[in-house]
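In the UniProt record's numbering, the protein residues as written are 1 to 111. To start, the structure itself, in structure tokens.
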């Protein structure tokens, strides 16, 4: 039970952080739009304001529908995911003299 509580807490905390990030992004983008809109022509100003108002009215259902439509074409062309584990890379160990000359061989970046 405690493990489920911890998982719930971690997910809740992560979602809360993500919501704050998204709110900050919205605030910054709104500020940018507010600064740019006065420089647009009257026709473009109306188009932008209408688009912003429409964006404010998007529901979760519409958003999920759009995301589903965008993911469908990808599912037809996605390569199959290999289920076999990849072999571990072999990393040679360095001995005494090699260990001392290794940083110099790398162009001295590690010194």
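Idealized CB from N, CA, C, for every residue including glycine. On a predicted model such as this, the values are computed, not experimentally measured, just so you know.
Check: Assigned secondary structure, residue 19 (DSSP; H/G/I helix, E/B strand, else coil); Outcome: helix
Check: Residue 47 versus residue 9 - alpha carbon distance; Outcome: 43 Å
Check: For residue 39 and residue 59, the rounded distance between their alpha carbons; Outcome: 30 Å
Check: The alpha helix (DSSP H) enclosing residue 131, as first and last residue numbers; Outcome: The requested residue 131 does not occur in the structure, where the chain is confined to residues 1 to 111.
Check: Whole-number beta carbon distance between residue 50 and residue 37, since they are thought to touch under 8 Å; Outcome: In fact, because the Cβ distance is near 12 Å, the residues do not count as touching under 8 Å.
Check: CA nearest to the CA of residue 31, picked from 63, 52 and 66; Outcome: 52
Check: Which of helix, strand or coil DSSP assigns to residue 1; Outcome: coil
Check: Through-space distance from residue 35 to residue 54, alpha-carbon basis; Outcome: 19 Å
Check: Straight-line gap, residue 2 to residue 13 (C-alpha atoms, nearest Å); Outcome: 16 Å
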